[in-house]
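**Q** Protein chains in written order, with the UniProt record's numbering: chain A, 1 to 333; chain B, 1 to 333; chain C, 1 to 209; chain D, 1 to 209. Where a beta carbon is used, it is the ideal one built from N, C-alpha and C, also for glycine. Quick caveat, the model's predicted, so the values are computed rather than measured. Supplied in structure tokens, the structure appears directly below.
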Amino acid sequence: MKKIINEPAAFVDEFVEGILLAHPDLLKAPTADRRILVRADAPVAGKVGIVTGGGSGHLPLFKGYVGRGLCDGVAIGNVFSSPSSAQVLEATKAVSGGAGVLYLYGNYGGDVFNFDLATDMAELEGIRTVTVLGRDDVASQPKERAADRRGVAGILFAYKAAGAAAERGDSLDQVAAVAEDIIDNTATMGIGLSPTILPTTAKPSFELGDGEMEVGIGIHGEPGFHRGELETADQIAESLTERLVADLGISSGDRVAVLVNGMGATPLEELYLLFRRVHQLLTEKGISIDKNYVGEYATSLEMAGASISLLALNDERLALLNTPAESPFFKEA
Amino acid sequence: MKKIINEPAAFVDEFVEGILLAHPDLLKAPTADRRILVRADAPVAGKVGIVTGGGSGHLPLFKGYVGRGLCDGVAIGNVFSSPSSAQVLEATKAVSGGAGVLYLYGNYGGDVFNFDLATDMAELEGIRTVTVLGRDDVASQPKERAADRRGVAGILFAYKAAGAAAERGDSLDQVAAVAEDIIDNTATMGIGLSPTILPTTAKPSFELGDGEMEVGIGIHGEPGFHRGELETADQIAESLTERLVADLGISSGDRVAVLVNGMGATPLEELYLLFRRVHQLLTEKGISIDKNYVGEYATSLEMAGASISLLALNDERLALLNTPAESPFFKEA
Amino acid sequence: MNGNELSIAVRNCLAEFTTYSEELGDLDQALGDGDLGITVSLGAAAATEALDVLSDGATPTEVVLACAKAFANANPSTMAALVAGALLAGSRVWGDSPTVEGDQIGRFARAAAESISQRGKSQVGDKTILDAMFPAAEALLAPAAGANALDAAIDAAERGVVVSKELQSRRGRASWLQERSIGLQDPGATAFLRFLQSWKSANASATAS
Amino acid sequence: MNGNELSIAVRNCLAEFTTYSEELGDLDQALGDGDLGITVSLGAAAATEALDVLSDGATPTEVVLACAKAFANANPSTMAALVAGALLAGSRVWGDSPTVEGDQIGRFARAAAESISQRGKSQVGDKTILDAMFPAAEALLAPAAGANALDAAIDAAERGVVVSKELQSRRGRASWLQERSIGLQDPGATAFLRFLQSWKSANASATAS
Ligand SMILES: Nc1ncnc2c1ncn2[C@@H]1O[C@H](COP(=O)(O)OP(=O)(O)O)[C@@H](O)[C@H]1O
Ligand SMILES: Nc1ncnc2c1ncn2[C@@H]1O[C@H](COP(=O)(O)OP(=O)(O)O)[C@@H](O)[C@H]1O
Ligand SMILES: [Mg+2]
Ligand SMILES: [Mg+2]
Ligand SMILES: [Mg+2]
Ligand SMILES: [Mg+2]
Chain A
1 MKKIINEPAA
11 FVDEFVEGIL
21 LAHPDLLKAP
31 TADRRILVRA
41 DAPVAGKVGI
51 VTGGGSGHLP
61 LFKGYVGRGL
71 CDGVAIGNVF
81 SSPSSAQVLE
91 ATKAVSGGAG
101 VLYLYGNYGG
111 DVFNFDLATD
121 MAELEGIRTV
131 TVLGRDDVAS
141 QPKERAADRR
151 GVAGILFAYK
161 AAGAAAERGD
171 SLDQVAAVAE
181 DIIDNTATMG
191 IGLSPTILPT
201 TAKPSFELGD
211 GEMEVGIGIH
221 GEPGFHRGEL
231 ETADQIAESL
241 TERLVADLGI
251 SSGDRVAVLV
261 NGMGATPLEE
271 LYLLFRRVHQ
281 LLTEKGISID
291 KNYVGEYATS
301 LEMAGASISL
311 LALNDERLAL
321 LNTPAESPFF
331 KEA
Chain B
1 MKKIINEPAA
11 FVDEFVEGIL
21 LAHPDLLKAP
31 TADRRILVRA
41 DAPVAGKVGI
51 VTGGGSGHLP
61 LFKGYVGRGL
71 CDGVAIGNVF
81 SSPSSAQVLE
91 ATKAVSGGAG
101 VLYLYGNYGG
111 DVFNFDLATD
121 MAELEGIRTV
131 TVLGRDDVAS
141 QPKERAADRR
151 GVAGILFAYK
161 AAGAAAERGD
171 SLDQVAAVAE
181 DIIDNTATMG
191 IGLSPTILPT
201 TAKPSFELGD
211 GEMEVGIGIH
221 GEPGFHRGEL
231 ETADQIAESL
241 TERLVADLGI
251 SSGDRVAVLV
261 NGMGATPLEE
271 LYLLFRRVHQ
281 LLTEKGISID
291 KNYVGEYATS
301 LEMAGASISL
311 LALNDERLAL
321 LNTPAESPFF
331 KEA
Chain C
1 MNGNELSIAV
11 RNCLAEFTTY
21 SEELGDLDQA
31 LGDGDLGITV
41 SLGAAAATEA
51 LDVLSDGATP
61 TEVVLACAKA
71 FANANPSTMA
81 ALVAGALLAG
91 SRVWGDSPTV
101 EGDQIGRFAR
111 AAAESISQRG
121 KSQVGDKTIL
131 DAMFPAAEAL
141 LAPAAGANAL
151 DAAIDAAERG
161 VVVSKELQSR
171 RGRASWLQER
181 SIGLQDPGAT
191 AFLRFLQSWK
201 SANASATAS
Chain D
1 MNGNELSIAV
11 RNCLAEFTTY
21 SEELGDLDQA
31 LGDGDLGITV
41 SLGAAAATEA
51 LDVLSDGATP
61 TEVVLACAKA
71 FANANPSTMA
81 ALVAGALLAG
91 SRVWGDSPTV
101 EGDQIGRFAR
111 AAAESISQRG
121 KSQVGDKTIL
131 DAMFPAAEAL
141 LAPAAGANAL
151 DAAIDAAERG
161 VVVSKELQSR
171 RGRASWLQER
181 SIGLQDPGAT
191 AFLRFLQSWK
201 SANASATAS
């Protein structure tokens, strides 16, 4: 696989520099190493701050969700690898407006241990933090171990809702409760068609035969629970949707938000093919789609594949999703 | 290459159905074959209509630029192939609000001949049309034959500006003049790293060795003027930028809008690497970037590669770019 | 030939013509975007279908118009649009005439070529279908003494294809290749040659004049 | 061992340890995300650099803290964070002591393992680094009669690696593989074993007690 890059080791620093050059009105980097991005107006006095973070290579995740009505800051790791606790702490300080800080990120060991360390350090600085973990990938653990699931594209819903709650002035515990509520009601599953190549190692993240797909794949190319023949768009949409509907326990009369997410190399046209079938299936089941997102929201460099996320909606959740938000990568009017 | 599709022959109809299911509030399909999409509020009485169109496989081009402050309608061809004149005519009728219709699309023989036929047919229906062709790809013809260049990603600028002009109530000739002015001042060049595979033929659009890139490639995989070793992101940005700056004849004190466009499979991170270097180079030259777009705006299914477009700015052009616009795929607040 | 005879001859010819789809697609792959094979196969199928349901009493012009419409919409492309326009222009020469013979064929061909030249802003030497079409039309109108008109047209088209190979493309997708187009064979001109050859082999007796 | 001797021993050990990066990366590729090789090579390099500039008079605890900080930030990951925390916890056992000997090593190791267990909510049998670490710490504290403590620890760690191969992962990335993790060797536990082995071969004389 070929890449448009310079020195592999400089990859992250350079693209972050590019993001800053492109969006100086919306983002700023408070530390000299530029491994933290925060809203241009951070810290917002009296507002709960939201810090996210994780490995690079997933744009627009995570850096893309820093903005008004979304997260306030992000700590940026190397490709597919956690930011350090020192970086998380810096991000925490840079967004702290006096109302406490929510840590909202995906459930990955490296991130968890580093954010946990930052929690202790922030406390020493007098900043209270609460952690909520994205853990929407139903393929990663059975329902009984839902707390151990990894976090994937569905965290978008939590960013949007928690960001809206923070913006309207909710307290730290309230914002955390919103995020927790969203995550408890979100389920995602993905398929992969081709691997990703890390710039530094130049090795494929996994190997897959011609005509094969990996069902339940993670956004770092983690294996899923099944490897089999590539199915049609309709078949893929069907099996993922059935699984998500069962996991959420939703049925006729319920409402959902749908996210059809591309992993990087999959054309937008193909994502709309998936959405089409998801829409048909949910409609047949009497479940209405009150909000949808189709596009690239959480990628894995140049991996081909897609994921489908469902969020069970109620009035409150839908209202939070529909609140205005703006980052260089995400706009809700 | 693997695809998430159903019947290849149904590809276009199915993803258009997906788009309609996802965005019923913003788009509608006035004909039974759903090969035309128009703004949900079309026709807008008294406003100049703008119709675009072309082959499929380029999302968000062309369908993505139908909306408020953009185009009013699009005629949808099969993958990489023109819509028919009958479809263009239907789109024309559906968006005609009594002030005439601008045809704004890329300079490709198939499209030109079919839109030209539609012009004759529209005249019979009493609808006046004016045609402006996107022809921004500097690699396709030398400057002396600029009128014969093909149209690529840079048409985004013309959509945005002409859409804004139409929205503020300009006459057909004025809107056409705006589009023409933008296109005269836009230059694009692209590179390709991997081919695209047509769903119907399942053949690659071109072949490229390991470690090679095609410089000057078109958005259907048309060959460029040079095939060589894959360069670094910085080198690519340099050679494309130099060529574009020379073509536009801009220099210190001038202002531009920059579009760094991904062709489909190239990660957003890599596009920001390119933007970074473009920004450095233009800054060195004393040329300021007053507007930028970085992302996928005109793709070629799953082709890996990128293009860079420059638009020489003046106050009027910049104001038009900054006017609000909204489609399911493009928002300017 | 009356309309019904023409319709049968066209369908015979198209059945043969589609066997060249792959060759034409490959030529267009090298010089353009590779879709000419699809244009030809879908276009021929659509035209055949349209003729299948056309009434037996249709005039030659009606036969041609049915083909033009079907071909234009099957896979709209440069070739589809130019050929459809060319058929329209050619059929104007025939008007309502119930049968067509002799130099009506050559006049049709010349009008068709002129339509392409006008719509495509192209002429002989630009390395397009016209490099085969104009010489063939001339041969149909004034075949060398004793020669069969169709054979003369095929020879002329073939010479056009060969000569234009060494030219630089000046129209359409192929023109973007600039100097790199030299040495590659024009798919449109080749398509026209294959069409004539298909006509001959599929309708040997009917068209011998 | 005083701080300076410890610092030299650590650097000797790390130089050897990094030669296992590829093996560890490959094991992590099969069971996780393949980055353990990077964590080890960048982490060892960073720790070595940090020790190179540390003053000769540093205490053993200061040596360990310098390593912890460097390792944590070089390539932050599960292993980096857990190991850094473990080193911190272990060093608390040593306090300001200018030298460390005998069972201070074993007590360090046990405190380190307990820190990982607590932060990682994990225990022996979860198929993690702890499956090698806890038995090794016990062996260091109470080596079988007549056995060299380090050799005993290596043996214990090796048994832990082998036994845990047949277990299902219950923590970290590998746990997502569920049943598919059975039969694959844990990269973290292997890393710990390779660390002990590197210590032995790089510092044979210094550590024989
Ligand atoms: N302007 C023109 N005038 C005449 N013939 C043309 C012109 N442009 C292209 N052609 C012919 O069309 C052929 C390509 O047809 P087609 O594959 O349908 O084009 P495209 O794929 O670009 O729409 C060329 O080989 C050439 O013979
Ligand atoms: N919760 C945990 N407790 C103890 N050890 C763990 C835990 N999670 C993972 N590990 C260890 O970490 C190793 C993987 O480390 P690393 O590659 O850094 O993880 P990651 O890439 O997921 O951040 C595993 O082989 C295992 O030994
Ligand atoms: Mg990792
Ligand atoms: Mg074409
Ligand atoms: Mg073609
Ligand atoms: Mg790992």
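1) Measuring only between beta-carbons, confirm whether Asp173(A) sits less than 8 Å from chain B.
2) Using 8 Å as the limit for Cβ to Cβ distance, is residue 216(C) near chain B?
3) Have a look at Ala165(B) and Lys63(B) and give me their C-alpha separation to the nearest angstrom.
4) Name the residue from Leu273(A), Pro60(A), Asp315(A) and Glu332(A) whose alpha carbon lies nearest to the alpha carbon of Val152(A).
5) If I follow the unbroken alpha helix (DSSP H) through Gly61(C), where does it start and stop?
6) Can you give me, in chain order, the residues of the stretch 38 to 61 of chain A that have a beta carbon less than 8 Å from any beta carbon in chain B?
7) Quick one: is the Cβ of Pro187(D) within less than 7 Å of any heavy atom of ligand 2?
8) What does DSSP give as the partner residues of Tyr297(A) in its beta bridges?
9) Below 9 Å on C-beta distance, what does His226(A) contact in chain D?
10) Beta-carbon separation of Gly211(A) and Leu240(A) under 8 Å?
11) Using only the alpha-carbon positions, how far apart do Thr299(A) and Ser205(A) sit?
12) Thinking just about the alpha-carbon of each residue, which of Asn75(D), Ala44(D), Ala9(D) and Ala80(D) is nearest to the one in Pro60(D)?
13) Out of Gly100(B), Arg168(B), Gly221(B) and Ala177(B), which one is the CA nearest neighbour of residue 337(B)?
14) Using a Cβ-Cβ cut-off of less than 9 Å, give me the residues of the stretch 113 to 135 of chain A that come near chain D, in sequence order.
15) Return yes when the C-beta of Asp26(C) is under 7 Å from any heavy atom of ligand 5, and no when it is not.
16) Got a sec, what are the start and stop residues for the beta strand (DSSP E) Ser307(B) sits in?
17) Do Leu193(C) and Ala157(C) count as a contact pair if the criterion is CB distance below 8 Å?
18) Work out the CA separation of Lys127(D) and Ala136(D) for me, nearest whole Å.
19) Does any CB atom of chain D fall closer than 8 Å to the CB of Thr200(A)?
20) Among the candidates Gly216(B), Asp120(B) and Gly253(B), whose CA atom is the shortest distance from the CA of Glu284(B)?
21) Using CA coordinates, which residue listed in Lys143(A), Asp173(A) and Met121(A) is at the minimum distance from Leu104(A)?
22) Does at least one heavy atom of ligand 5 sit under 7 Å from the Cβ of Gly106(B)?
23) Would you give the residue range spanned by the alpha helix (DSSP H) that Glu75(A) belongs to?
24) Using beta carbons (cut-off 8 Å, strictly below), is Ser84(B) in contact with chain C?
25) If I follow the unbroken alpha helix (DSSP H) through Asn4(C), where does it start and stop?
26) Are the C-beta of Arg255(A) and some C-beta of chain B separated by less than 8 Å?
27) Taking only runs of the alpha helix (DSSP H) that begin and end inside the stretch 46 to 106 of chain B, which ones reach a length of at least 4 residues, in chain order?
28) Below 6 Å CB to CB, which residues in the same chain sit around Ala58(D) once its five sequence neighbours on both sides are set aside?
29) Going by beta-carbon coordinates alone, are Gly163(A) and Gly69(A) separated by less than 8 Å?
30) Is the CB of Ala113(C) under 8 Å away from at least one CB in chain B?
31) Looking at the C-beta of Pro30(B), does it have a partner C-beta in chain C at a distance below 8 Å?
32) Taking only beta carbons into account, state which residues of the stretch 285 to 306 of chain B come closer than 7 Å to chain E, listed in chain order.
33) Just to confirm, is the Cβ distance from residue 334(B) to Val260(B) under 8 Å?
34) Could you tell me which uninterrupted alpha helix (DSSP H) segments, each at least 4 residues in length, are contained entirely in the stretch 104 to 131 of chain A, listed from first to last along the chain?
35) In terms of DSSP beta bridges, what is Ser175(D) paired with?
36) Please state if the CB of Ala257(A) and the CB of Leu320(A) are separated by a distance shorter than 8 Å.
**A** In brief:
1) no
2) No statement about residue 216(C) is possible, as the shown extent of chain C runs from 1 to 209 and does not include it.
3) 20 Å
4) Pro60(A)
5) The sequence shown places Thr at residue 61(C), not Gly. Pro60 to Ala74 is the span of the alpha helix (DSSP H), which, as asked, contains Thr61(C).
6) Ser56, Gly57, Leu59 and Pro60
7) yes
8) Answer is none; Tyr297(A) lacks a bridge partner.
9) By Cβ distance, chain D contributes nothing, its closest Cβ being about 10 Å from His226(A), past 9 Å.
10) no
11) 14 Å
12) Ala9(D)
13) The structure shown does not extend to residue 337(B), since chain B is modelled only from 1 to 333, so the question has no answer here.
14) Phe113, Asn114, Asp116 and Leu117
15) no
16) Ala304 to Leu313
17) yes
18) 15 Å
19) yes
20) Gly253(B)
21) Asp173(A)
22) no
23) Position check: residue 75(A) holds Ala in this sequence, whereas Glu was assumed. Counting along the chain, Ala75(A) falls outside any alpha helix (DSSP H), though it belongs to the beta strand (DSSP E) covering Gly73 to Val79.
24) yes
25) Gly3 to Phe17
26) no
27) 85 to 95
28) Gly3
29) yes
30) no
31) no
32) Any reference to chain E falls outside this structure, whose protein chains are A, B, C and D.
33) Residue coverage of chain B in this structure runs from 1 to 333, which leaves residue 334(B) outside it and unanswerable.
34) 109 to 124
35) BP columns for Ser175(D) are empty, so no partner.
36) no
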